[in-house]
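Remember, my numbering sits 58 above the position in the sequence shown when you count from 1. Beta carbons are placed, not taken as given, at the ideal position from N, Cα and C, and that holds for glycine. Read the structure below first, then the notes.
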Amino acid sequence: MNKQPITLSLELSQRDGTVSMSNRDGAESTKKVQTGSRGVDTVFPMISKIAEELSISPRSIELVAVSIGPGGFTGLRTSVAIAKMISFSTGATIVPIETAIVIVASSKTDKHLYYVLSGVKHDTFWLSKIHLENKEWCCSASLSCVAELEKCINEADGVFADSFAPEVLSSLCLNNDVPLFNSEPNAQALLRLGRELYNSGVSIDPLKVSPLYPREPEAVRMWKELHKK
């Protein structure tokens, strides 16, 4: 059996975050963490706890899979910062993965094409089309609206959304006989996706890793407004 890279995955895009690790033998452990303003204070102790459980050193991490969004501003910022810190200190490879892919992979679905809604604001949202191509999940996404989704929803095997989804989404899915699922990404699915991509040669310069925001974060917009001359 081929030895696997010692891997850490960070799924902090939602209100309830998870962290997962695996050792060279493929043994895995996943724990819940906070993703709010004090999230960074809970993630590192949890990484140490899981590492001890799997009999590995945090300094031996070789791969970090990170969910890059769209999602909560603080959680994404925290996870990307931690991934970079670990990469710079241990030389670990970073594999960034769109949260929409993690959402679909976490559902353990057996179909081929899904839409994922995220970053909802007023009448617009980030619409990700997730489909299988050569046995790998692929993502194409852009800002969209209900009218645009209505044009293509019939091709989907399902739609994923969170509690912020437009009110009409439920009836739209029902009228088109398309299942509607709750978005529940988890670090275990992210870890396995990260290992698969790593083994196929996918990686990125740590300096280029950044969260995926569908639009300028509200905190940034407010800061700019506050500091206008």
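For residue i, three-class secondary structure by DSSP
i: residue 242; result: coil
i: residue 283; result: helix
i: residue 90; result: strand
i: residue 103; result: helix
i: residue 154; result: strand
i: residue 251; result: helix
i: residue 204; result: helix
i: residue 211; result: helix
i: residue 162; result: helix
i: residue 176; result: strand
i: residue 85; result: coil
i: residue 194; result: strand
i: residue 66; result: strand
i: residue 262; result: strand
i: residue 109; result: helix
i: residue 118; result: helix
Element boundaries [alpha helix (DSSP H), containing residue i]
i: residue 142; result: 131–148
i: residue 229; result: 227–233
When the options are compared against residue i, the one with the closest alpha-carbon
i: residue 273; options: 201, 91, 247, 224; result: 201
i: residue 84; options: 100, 112, 69, 91; result: 112
i: residue 262; options: 107, 92, 77, 122; result: 122
i: residue 229; options: 116, 207, 90, 250; result: 207
i: residue 67; options: 255, 281, 211, 286; result: 255
i: residue 183; options: 166, 227, 286; result: 227
i: residue 130; options: 215, 75, 181; result: 75
i: residue 204; options: 280, 185, 62; result: 185
i: residue 145; options: 280, 80, 116, 190; result: 116
i: residue 157; options: 257, 166, 188; result: 188
i: residue 56; options: 104, 82, 164; result: Any answer about residue 56 is impossible in this case: the structure gives the chain only from 59 up to 287.
i: residue 193; options: 199, 167, 110; result: 167
i: residue 104; options: 162, 88, 173; result: 88
i: residue 92; options: 260, 72, 258; result: 72
i: residue 114; options: 64, 161, 70; result: 64
i: residue 271; options: 159, 86, 134; result: 134
i: residue 70; options: 90, 284, 197, 80; result: 90
N-terminal and C-terminal residue of the beta strand (DSSP E) that residue i is part of
i: residue 187; result: 182–191
i: residue 75; result: 74–80
i: residue 223; result: First-last for residue 223: undefined, no H or E at that position.
Quick test of the definition: if touching needs 3 or more C-beta pairs under 8 Å, does the segment 258–267 touch the segment 237–245? Look at the beta carbons and you see the segment 258–267 not touching the segment 237–245: under three pairs across the two are nearer than 8 Å.
Are at least three pairs of beta-carbons, each pair with one atom in the segment 137–145 and one in the segment 118–126, less than 8 Å apart? The segment 137–145 vs the segment 118–126: in contact.
Can we say the segment 145–156 touches the segment 222–239, given the rule of at least three CB pairs closer than 8 Å? These segments do not touch.
Do the segment 172–179 and the segment 216–230 meet, that is, are 3 or more Cβ pairs less than 8 Å apart? Judged by Cβ distances under 8 Å, the segment 172–179 makes contact with the segment 216–230, as three or more pairs qualify.
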